[in-house]
Amino acid sequence: KTMIWSHFAKKYIIYPNMANNNSRDLQILVWNARSIRNKSSMLDHTIRTNLKADIILIQETWLKKAHRFRLKGFQTFRLDSEDHGKGLAILAKDNIRVQIIKEQI
């Protein structure tokens, strides 16, 4: 199972390493957050209690470089905005091998 996502001249290719659990499906959450700055604890609680997501794709994060954002147990890849709004984040569980490939589009 391979998921490919592309935006702003970057490609993130995520190769799930499910060697320990081949029978499990990959759970992907896609969320238009419209600002994640004040919603990270809600997202953390939702993921841990209900969704059990392996990969999380978030658009409209509204994060700037100065903002901290991390969920325990996840690798975080961000593309922050210089302007108001915008911004993207990809979170993948720590046990998923992620390879970042940068290409011009």
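Going by this note's numbering, the first residue of the sequence shown is number 1, and it counts up by one from there. Just so you know, even glycine gets a beta-carbon here, dropped at the ideal spot from N, CA and C.
{"Asked": "Helix, strand or coil for T61, going by three-state DSSP, please let me know.", "Found": "coil"}
{"Asked": "Once DSSP output is grouped into helix, strand and coil, what is the label at L79?", "Found": "strand"}
{"Asked": "Buried or exposed: which applies to K72, given that a residue is buried once 16 or more other Cβ atoms fall within 10 Å of its Cβ?", "Found": "exposed"}
{"Asked": "Which residue comes first and which comes last in the alpha helix (DSSP H) that contains L43?", "Found": "40 to 46"}
{"Asked": "Starting from the C-beta of K52, find all residues in its chain whose C-beta is less than 7 Å away, skip the five residues before and the five after it, and write them out in chain order.", "Found": "Q27"}
{"Asked": "Using CA atoms only, rank isn't needed, just tell me which of N38, L63, R48 is closest to I90.", "Found": "L63"}
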